[in-house]
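Here's the structure we're looking at; comments come further down.
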Amino acid sequence: MKKNKNLLELTIEYPEQTNEIMLEIRSSRNRNISRFSDVSPNKPDKLTDTVRQQYESEIYFPVVDVGIKPLLTAKVLFSAENNYTESEFSFNGSLWPDFSRTGPMVEIPSYKLLEWENILFLKNKNIKLKDFYLCLRIPVPLYLTRRITAEISLLSTSWEGEVAAYYKAGQDYRYIGTACIKEESEQQKTKVYGTSDFAHERLNFAVKESIRYILNSKIESVNSPLNGGFYLFYDLDARTYRLPGWLWGWGPVIRALLEASDLPQITEIYSKNILIKTAYKAGLTSLIGIVHKPGDEIDGLSTARWDPNPSMPAGNRLRVNSAADSGYLCGFAWCDLYKKTGDKRFLDAALLFAKTTKRLMEKDPVPPQDYWPEEGEWSKHTLDESGFGVKAFDELYHLTGDESYRELGIRYMENHLRKFQRSDGLWERAYYRAVDYADKCIYMTRGLGWAMEGLLCTYNLSNDPRYLNLACDMASCLIKAQNPDGSWNYQFNKTPEQAGFDDKGTPLWSMLLYRLYKYTKDKSHLDAAQKALTWCMENQIEKGDPEAIGGIAGANPQSAVVYRPWFNISCLYSSAFFVLAILEEIKMNEKQMPM
């Protein structure tokens with residue numbers, strides 16, 4: 131057996147005639163299969179374990195890192211503890227919610243397998259996942275040579291593991307042999323650039339590497355309805371892509387690809403057509419999340435995400451977002467795609483979203499954060515993050531010139547300001563409608579960035595200096611809390627040891643401060659934006675795990691937001707904001723160049 135980049139090439143000899151060869155494929159990524167309850171060694175010792183460790187159920191995340199074929203299945207081996215003998219499990223329950231009994235060994239059919247992260251939900255955590263490997267059956271014609279060749283496509287050039295071959299003899303399979311592929315240990319060691327300057331070549335290179343990371347994050351799983359979209363995270367510890375079902379997070383990625391497609395120095399490397407086509411396909415895929423239930427209050431909203439969640443019946447929670455995440459996807463992706471491609475489906479989706487949000491605001495001036503289909507009810511709270519829902523109205527107003535979108539966007543922001551705005555310029559964390567109460571600010575860098583997005587969008591559509599002043603007040607708080615190296619902590623009122631660095635919030639705030647500087651020309655805004663950009667450039671991954679190259683990784687309490695706290699995770703929209711911040715720097719430099 132030999133490996134040629136993304137291909138395993140095998141020559142198999144068998145001692146007697148057979149009609150089938152079976153290959154057992156064991157990837158190194160499944161030697162220690164990650165679980166929802168895993169505790170990262172990066173977690174500070176003084177921090178208490180989260181409630182996520184207290185569930186009676188468990189979720190395992192086995193990895194499929196080879197190309198899926200019709201005759202490829204997975205074998206799952208279970209073991210039991212504490213006098214339990216069996217339980218029920220689902221496999222990728224967000225798509226196939228049926229349950230099966232565990233037993234010693236269960237075979238998962240090909241159609242249920244997804245590339246990269248898979249979700250195996252066990253109702254009883256006393257039943258353990260003992261082993262997970264893939265099984266490929268190869269029909270054999272009556273060759274006299276008793277030798278066949280086979281190829282296995284690999285999802286990563288860094289694949290390592292072993293393949294055992296068996297031939298069928300009657301009803302049994304007899305062992306032929308095992309071949310191993312071992313990667314050089316140096317290849318897996320992640321290294322960051324550690325250098326930065328704002329020379330044109332260095333900025334272009336950082337964009338190129340970020341685009342590489344984004345393109346590598348595409349979903350290309352034949353069994354996934356989200357094919358064409360993106361995985362939101364790459365887990366450097368488990369070496370797998372994660373969370374394909376966060377549609378709202380594709381918005382800034384689509385904008386980054388479309389804006390990069392207008393940059394000649396980038397299209398010399400990635401063709402303009404590839405960048406636009408990738409954004410377009412992701413946009414079309416995002417449309418499948420739109421709820422079409424005429425007459426229902428959620429008609430026209432977007433399915434924002436599927437979260438792994440052991441408390442839910444199939445191990446995942448579906449969230450239909452009201453005005454926040456849906457509006458972000460609408461503003462960052464659908465409006466841009468309509469302008470770029472003329473495909474009216476994107477405009478229709480945006481207009482339907484605005485109509486639905488207007489209806490929701492008539493009932494609740496500050497719309498609920500989410501609708502939960504399993505319970506058939508709205509969440510009781512709205513987060514500060516929902517401020518970025520104004521993005522949709524800003525884009526629609528400038529796209530159509532319709533004053534109603536301008537008025538709706540201003541009303542949306544005013545309703546939020548009444549419940550969230552603090553005297554120091556920050557926002558409180560969560561508003562509860564039933565009791566008219568807001569939880570106190572938690573100084574979360576990324577969350578307040580979403581509120582800042584809303585303030586900038588409201589100023590952009592209203593030209594009212596009040597909103598710009600509010601944005602400046604919030605920026606002032608963040609600038610005071612910025613670390614000397616340009617980063618922010620996940621919670622900026624805590625130390626890096628307590629909260630970790632914010633790999634998502636830092637590129638987000640770099641982009642936001644560049645945009646604020648365009649309005650204010652205040653050098654403190656530009657200085658902070660450039661400091662944050664410098665940190666991103668110095669922490670962009672240079673080599674090691676090929677799937678991680680070009681990304682920016684971090685470990686903090688929300689490494690992958692809803693799970694994997696304190697593990698080393700890179701985030702897709704971090705790279706998108708990084709690109710958008712660099713493009714602001716490039717555009718600013720081009721304006722300053724002598725004619």
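Here the numbering used here is used: the first residue of the sequence shown is 131, the next is one more, and so on.
Glycine is no exception: its CB is placed at the ideal position from the N, C-alpha and C atoms.
Fair warning: this is a prediction, and the values are worked out from it, not measured in the lab.
- Going by C-alpha positions, E558 is about 14 angstroms away from V496.
- Contact between S187 and P440 holds: CB atoms are separated by about 4 angstroms, below the 8 angstroms threshold.
- For L153, DSSP records a beta bridge to L266, A295.
- Leaving aside the five residues that flank K321 on each side, the residues in its chain whose CB is nearer than 6 angstroms to its CB run, in chain order, E672, K673, G674.
- Sequence-distant partners of L556 (beyond 5 residues in either direction) whose C-beta falls short of 8 angstroms from its own C-beta, in its chain, are C571, Y573, L578, M604, C607.
- Along the segment 628-712, the beta strand (DSSP E) occurs as fully enclosed runs of 3 or more residues at 671-673, 699-701, listed in sequence order.
- Q612 carries a coil assignment under DSSP once its states are collapsed to helix, strand and coil.
- By the neighbour-count criterion, in which a residue is buried when 16 or more other Cβ atoms sit within 10 angstroms of its Cβ, V196 is buried.
- Along the length of the segment 223-284, whole beta strand (DSSP E) runs at least 3 residues long occupy 235-238, 250-252, 257-269, 277-283, reported in chain order.
- An exposed status is given to M235, since fewer than 16 other beta-carbon atoms sit within 10 Å of its beta-carbon.
- Assignment of H422 by DSSP, reduced to helix, strand and coil, places it in the coil class.
- The shortest CA-to-CA distance from I716 to any of A336, A294, I311 is the one to A336.
- Bridge pairing for T512: Y561 [DSSP].
- Fully contained in the segment 359-406 are the following beta strand (DSSP E) runs of length 3 or more, in chain order: 363-365, 370-372.
- The residue from S432, S347, A658 with its alpha-carbon nearest to that of K485 is S432.
- Remark: C-beta atoms of W376 and S416 do not approach each other more closely than 7 angstroms.
- When C-alpha distances from A690 are compared across G680, Y703, I679, the shortest belongs to Y703.
- Secondary structure at K624: coil, using DSSP grouped into helix, strand and coil.
- Of the candidates Q147, Q621, Y527, N353, Y527 places its Cα closest to the Cα of D466.
- F708 and P269 have their C-alpha atoms some 49 angstroms from each other.
- Annotated three-state conformation of L201 is coil, per DSSP.
- Burial of G358 is indicated by the presence of at least 16 other C-beta atoms within 10 angstroms of its C-beta.
- When secondary structure is reduced to three states using DSSP, W464 falls in the helix class.
- Taking a 10 Å sphere around the C-beta of R159, we find 16 or more other C-beta atoms and assign the residue as buried.
- In this structure, DSSP gives R536 a helical state, which the three-state scheme calls helix.
- Sixteen is the threshold: since fewer than 16 other Cβ atoms of the shown chains lie within 10 Å of the Cβ of C310, the residue is exposed.
- Taken through DSSP and simplified to helix, strand or coil, N334 comes out as helix.
- Taking each of H511, P443, L388 in turn and checking the Cα distance to T471, the smallest one comes out for L388.
- The Cβ atoms of R576 and G616 do not sit closer than 7 angstroms to each other.
- Cβ atoms of Y649 and L656 stay farther apart than 8 angstroms, at about 12 angstroms.
- If one requires a minimum length of 4 residues, the alpha helix (DSSP H) runs lying completely within the segment 460-505 are 465-471, 474-493, in chain order.
- Proximity of the segment 388-403 to the segment 237-254 falls short of the contact definition, fewer than three beta-carbon pairs being nearer than 8 angstroms.
- Distances from the alpha-carbon of L600 to those of A611, S553, D633, D632 put S553 closest.
- In the structure shown, the three-state DSSP call for N172 is coil.
- Judged by pairs of C-beta atoms under 8 angstroms, the segment 257-266 touches the segment 205-223, as three or more such pairs exist.
- Under the 10 Å beta carbon count, Q722 is surrounded by fewer than 16 other beta carbons and is classified as exposed.
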